[in-house]
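Chemist:
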Amino acid sequence: MPAGSRRSSSRPLSRRSFLALGGGALLAAGGGTWLWQSRKAAEEEKLPSAPLLGDAPASLWSRDMAVGDPDERGLPLVIQGAVAMVAGTGIAAQDQATGDSAWFCTVETSAAAVTTDGKQVYVVPQQRQDAYKDFGIHTVDLDNGDLRPAFARIKDLNANRYSTQLLCAADGVVYLAGGGGTLASPQKSYLLAVDVATGREVWRLEVVNPERDTPYVAAAAVRGGRLVTYETGSEESTSRVAVRDARTGVTRWSRTFPNGLGGGIGSRPCMDDGHVYVASESLVAHRLSDGSRAWSLAVGEREAFGAMTVRDSVVYALGRLGVAAIGASDGKIRWREQGTGAQANEQTLERVPPVVGERYVYTKIASGLSAVDLKTHRSSWVFQTDVSRLVAQERDGRIFAVGEDFLIALPLQ
Numbered sequence: 002m003p004a005g006s007r008r009s010s011s012r013p014l015s016r017r018s019f020l021a022l023g024g025g026a027l028l029a030a031g032g033g034t035w036l037w038q039s040r041k042a043a044e045e046e047k048l049p050s051a052p053l054l055g056d057a058p059a060s061l062w063s064r065d066m067a068v069g070d071p072d073e074r075g076l077p078l079v080i081q082g083a084v085a086m087v088a089g090t091g092i093a094a095q096d097q098a099t100g101d102s103a104w105f106c107t108v109e110t111s112a113a114a115v116t117t118d119g120k121q122v123y124v125v126p127q128q129r130q131d132a133y134k135d136f137g138i139h140t141v142d143l144d145n146g147d148l149r150p151a152f153a154r155i156k157d158l159n160a161n162r163y164s165t166q167l168l169c170a171a172d173g174v175v176y177l178a179g180g181g182g183t184l185a186s187p188q189k190s191y192l193l194a195v196d197v198a199t200g201r202e203v204w205r206l207e208v209v210n211p212e213r214d215t216p217y218v219a220a221a222a223v224r225g226g227r228l229v230t231y232e233t234g235s236e237e238s239t240s241r242v243a244v245r246d247a248r249t250g251v252t253r254w255s256r257t258f259p260n261g262l263g264g265g266i267g268s269r270p271c272m273d274d275g276h277v278y279v280a281s282e283s284l285v286a287h288r289l290s291d292g293s294r295a296w297s298l299a300v301g302e303r304e305a306f307g308a309m310t311v312r313d314s315v316v317y318a319l320g321r322l323g324v325a326a327i328g329a330s331d332g333k334i335r336w337r338e339q340g341t342g343a344q345a346n347e348q349t350l351e352r353v354p355p356v357v358g359e360r361y362v363y364t365k366i367a368s369g370l371s372a373v374d375l376k377t378h379r380s381s382w383v384f385q386t387d388v389s390r391l392v393a394q395e396r397d398g399r400i401f402a403v404g405e406d407f408l409i410a411l412p413l414q
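Numbering (the numbering used here), first residue to last: 2 to 414.
The following block contains the structure:
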């Protein structure tokens, strides 16, 4: 359907119908209500509404799915031909190509307590309030979805104050964060590494956890033998990046930053083999090896950057004025998105990093998912859907996007 054409209806579209259309049309109930609400939200943020350009591709498939509170920041788990999410009464896995059900694991858990290394799904079932002494880490049988017996029992740790977090898994080790103590005793927080093959703790590190109702570790990833964590700072207005030896837990370096857009420094670590990139009051690159500053890009408040992705020595940063491409080695802006105004709210800017393909960089904006052409630096089309999390499966060219109650697959171009 040509850009700018309208589809009118006397009744609201169902979410499934809305997702299936997937074109560049202005999809609305009651003759433009949805578009009006998007513009109204943008006006309330004092930001212009997003352009609706070109013909967006149809979704490859879509599934209605109760995938939980977007604040949990659970990402789709891409694993061995399936994509899985914590949904309803367990973990639901769909075939990546067709969207058909691959398996379902019945387990009471949360997105924070599930992770993958791309080969296996790791799960900590929700703990009883009186279960203060230990808990198990389980894997899922990927043939039928059965929850296997615990391969590790974690002692002297509980989910009393903060839910246990499975942060990430890599190289045969699962990394987690959790608390110790009881309701009547002081709370302590720990980072742990657990060997998957033996079930033994590799190391345990006590960390300072500020008195807040949020998890201590916002995000974590392993790169080059180092565990990188984004952590809640000691002050309400700060966050911290810490880099530890993944084998020993020894802290190699850490840096504290003022919180950036959305009240943090990102929902996923942005790093490559050489640097960790952080969007705070400015965009900075620290050397992964020793934490020294490689470069810093100062930006004004109007152009502030949030969530970032790095690919092929280019950092793609989502900001109030659209996406910008920045040289990973020198911090120089290669190009800025053209023909747009500020389009994303504060939470989107912090939580939804861009996804990069061969032709487009995909960003979440107020009206949907925008595809910015890597040659023209302009948005070619907008797929209208209210997604809160994105992940790419580059090998087969797919994007998996999650909203409040759906999971969809789009072509990655």
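Backbone N, C-alpha and C fix where the C-beta goes; we use that ideal spot for every residue, glycine too.
Near T239, what residues of its chain come up, given a Cβ to Cβ distance below 8 Å and the 5 sequence neighbours on each side ignored?
Modeler: As a position in the sequence shown, residue 239 is number 238, starting the count at 1. Closer than 8 Å at Cβ, skipping near neighbours: T257, F258, P259 and N260.
Chemist: Compute the Euclidean distance between the alpha carbons of G179 and T165, then round it to the nearest angstrom.
Modeler: Numbered from 1 along the sequence shown, position 178 holds the residue referred to as residue 179. Numbered from 1 along the sequence shown, position 164 holds the residue referred to as residue 165. Taking the straight line from one Cα to the other gives about 5 Å.
Chemist: Helix, strand or coil for E304? Go by DSSP, reduced to three states.
Modeler: Numbered from its first residue, the sequence shown carries residue 304 at position 303. Looking at E304 - three-state DSSP - the assignment turns out to be helix.
Chemist: How is A112 classed by DSSP in three states: helix, strand or coil?
Modeler: Residue numbering aside, residue 112 sits at position 111 when the sequence shown is read from its first letter. Helix.
Chemist: Spatial neighbours of R312 within its chain, please: C-beta separation below 6 Å, excluding the five flanking residues on both sides.
Modeler: As a first step, residue 312 must be located in the sequence shown, where it is residue number 311. If we look at R312 and ignore the five residues flanking it on each side, its Cβ neighbours are V357.
Chemist: Which value, in whole angstroms, describes the spacing of the CA atoms of A305 and V84?
Modeler: Looking up residue 305 in the sequence shown gives position 304. Looking up residue 84 in the sequence shown gives position 83. Each residue's alpha carbon lies about 33 Å from the other.
Chemist: Which stretch, first to last residue, makes up the beta strand (DSSP E) that contains T249?
Modeler: By one-based count along the sequence shown, residue 249 stands at place 248. No beta strand (DSSP E) holds T249; DSSP gives it neither H nor E.
Chemist: For R352, name the three-state secondary structure that DSSP assigns.
Modeler: Numbered from 1 along the sequence shown, position 351 holds the residue referred to as residue 352. Three-state DSSP puts R352 in a helix.
Chemist: Measuring alpha carbon to alpha carbon, tell me which residue in A94, A151 and S297 is nearest I80.
Modeler: Your numbering for residue 80 matches position 79 in the sequence shown. The candidate whose alpha carbon is nearest that of I80 is A94.
Chemist: For Q122 and A114, which I take to be in contact (beta-carbon distance under 8 Å), what is that distance rounded to the nearest angstrom?
Modeler: The residue you call residue 122 lines up with position 121 of the sequence shown. The residue you call residue 114 lines up with position 113 of the sequence shown. This sequence places Val at residue 122; Gln is not what is there. No, V122 and A114 are not in contact; Cβ-Cβ is about 11 Å, not under 8 Å.
Chemist: Using a Cβ-Cβ cutoff of less than 7 Å, which residues in the same chain neighbour G404 once the five nearest sequence positions on both sides are dropped?
Modeler: Within the sequence shown, residue 404 is the residue found at index 403, counting from 1. Excluding residues within five positions, the ones whose Cβ falls inside 7 Å are T386, D387, V388 and S389.
Chemist: Assuming R399 contacts L375 (C-beta within less than 8 Å), just tell me the rounded distance between them.
Modeler: The sequence position of residue 399 within the sequence shown is 398, counting from 1. The sequence position of residue 375 within the sequence shown is 374, counting from 1. With a Cβ gap of about 18 Å, R399 and L375 do not count as contacting.
Chemist: Check the DSSP bridge columns for A318 and list the partner residues they point to.
Modeler: Counting from one through the sequence shown, the residue named residue 318 turns up at place 317. According to DSSP, which records beta bridges pairwise, A318 is partnered with M309 and A325.
Chemist: Would you give the residue range spanned by the beta strand (DSSP E) that Q394 belongs to?
Modeler: For the purposes of this step, residue 394 is taken as the residue at position 393 of the sequence shown. Here the beta strand (DSSP E) through Q394 covers R390 to Q394.
Chemist: Tell me, to the nearest whole angstrom, how far the beta carbon of R337 is from that of L322; I am working on the premise that it is less than 8 Å.
Modeler: For this step, residue 337 is matched to residue 336 along the sequence shown. For this step, residue 322 is matched to residue 321 along the sequence shown. Contact holds; Cβ gap of about 7 Å.
Chemist: Hey, how far is the Cα of L193 from the Cα of P150?
Modeler: Start at 1 with the first residue of the sequence shown, and residue 193 comes out as number 192. Start at 1 with the first residue of the sequence shown, and residue 150 comes out as number 149. C-alpha separation (whole angstroms): 20 Å.
Chemist: Kindly indicate which three-state DSSP category A219 falls into: helix, strand or coil?
Modeler: To locate residue 219, count along the sequence shown from 1; it is residue 218. Three-state result, A219: strand.
Chemist: Just to check my reading of the structure: R227 and R269 have Cβ atoms closer than 8 Å, yes? What is that Cβ distance to the nearest angstrom?
Modeler: The residue you call residue 227 lines up with position 226 of the sequence shown. The residue you call residue 269 lines up with position 268 of the sequence shown. With 8 Å as the limit, R227 and R269 do not qualify as a contact, their Cβ atoms being about 16 Å apart.
Chemist: Could you check whether V175 and S190 sit closer than 9 Å to each other, using their CB atoms as the reference points?
Modeler: As a first step, residue 190 must be located in the sequence shown, where it is residue number 189. As a first step, residue 175 must be located in the sequence shown, where it is residue number 174. No. Outside cutoff.
Chemist: What do you get for T233, buried or exposed, if any count of 16 or more other CB atoms within 10 angstroms of its CB means buried?
Modeler: Counting from 1 along the sequence shown, the entry for residue 233 is found at position 232. T233 should be labelled buried.
Chemist: Can you tell which of V218, A112 and A295 has its C-alpha closest to the C-alpha of S89?
Modeler: Numbered from 1 along the sequence shown, position 88 holds the residue referred to as residue 89. The question names Ser, but residue 89 is Gly in the sequence shown. When only C-alpha atoms are compared, the closest one is A112.
Chemist: What is the C-beta distance between V315 and G328, in whole angstroms, given that I count them as a contact (C-beta under 8 Å)?
Modeler: Counting from one through the sequence shown, the residue named residue 315 turns up at place 314. Counting from one through the sequence shown, the residue named residue 328 turns up at place 327. Sure, about 7 Å apart at Cβ, within 8 Å.
Chemist: Hey, out of T364, R294 and A295, whose CA is closest to G320's CA?
Modeler: Indexing the sequence shown from 1 puts residue 320 at position 319. The candidate whose alpha carbon is nearest that of G320 is T364.
Chemist: Short check: CB of E366 to CB of V392, under 9 Å?
Modeler: The sequence position of residue 366 within the sequence shown is 365, counting from 1. The sequence position of residue 392 within the sequence shown is 391, counting from 1. The sequence as given places Ile at residue 366; Glu does not occur at that position. Cβ atoms of I366 and V392: not closer than 9 Å.
Chemist: Provide the residue span of the beta strand (DSSP E) that contains E232, from first to last.
Modeler: For the purposes of this step, residue 232 is taken as residue 231 along the sequence shown, with counting starting at 1. Where E232 is concerned, the enclosing beta strand (DSSP E) stretches over R227 to T233.
Chemist: Which class does E359 belong to by DSSP, given the choice of helix, strand or coil?
Modeler: Position 358 of the sequence shown holds residue 359. The answer is coil: DSSP assigns E359 none of H, G, I, E or B.
Chemist: Can you give the Cα-Cα distance for V195 and L177, rounded to whole angstroms?
Modeler: Here residue 195 refers to the residue found at position 194 when the sequence shown is read from its first residue. Here residue 177 refers to the residue found at position 176 when the sequence shown is read from its first residue. So the two alpha carbons sit approximately 8 Å from each other.
Chemist: With a CB to CB cut of under 6 Å and the five nearest residues on each side skipped, what residues in its chain are close to A222?
Modeler: Translated into positions along the sequence shown, residue 222 becomes position 221. Cβ within range, chain order: C169, V229 and P270.
Chemist: Rounded to whole angstroms, how far is the Cβ of L408 from the Cβ of V68, which I believe are closer than 8 Å?
Modeler: Numbered from 1 along the sequence shown, position 407 holds the residue referred to as residue 408. Numbered from 1 along the sequence shown, position 67 holds the residue referred to as residue 68. Going by Cβ atoms, the distance from L408 to V68 rounds to 6 Å, so yes, they are a contact pair.
Chemist: Sorted by chain position, which residues of the same chain lie with C-beta nearer than 7 Å to G91's C-beta, five sequence neighbours on each side aside?
Modeler: What you label residue 91 is simply residue 90 of the sequence shown in a count that begins at 1. The answer, listed in chain order, is F105, C106, T107 and V108.
Chemist: Hey, could you find the ends of the beta strand (DSSP E) D274 is sitting in?
Modeler: By 1-based counting over the sequence shown, the position of residue 274 is 273. Premise fails: D274 is in no beta strand (DSSP E) and is neither H nor E.
Chemist: Helix, strand or coil: how does DSSP classify M66 here?
Modeler: Position 65 of the sequence shown, counted from the first residue, corresponds to residue 66. Residue state, collapsed to three classes: coil.
Chemist: In the DSSP assignment, what residue or residues form a beta bridge with T239?
Modeler: Counting from 1 along the sequence shown, the entry for residue 239 is found at position 238. Per DSSP, P259.
Chemist: In angstroms with no decimal places, state the Cα-to-Cα distance between L78 and G340.
Modeler: The count along the sequence shown starts at 1 and reaches residue 78 at position 77. The count along the sequence shown starts at 1 and reaches residue 340 at position 339. Straight-line Cα distance between these residues: approximately 34 Å.
Chemist: Quick one: what's G137 bridged to in DSSP?
Modeler: Here residue 137 corresponds to residue number 136 of the sequence shown, with the count starting at 1. Answer by DSSP bridge pairing, in chain order: R154.
Chemist: If you follow the beta strand (DSSP E) that K189 is part of, which residue opens it and which one closes it?
Modeler: Position 188 of the sequence shown holds residue 189. First-last of the beta strand (DSSP E) with K189: K189 to D196.
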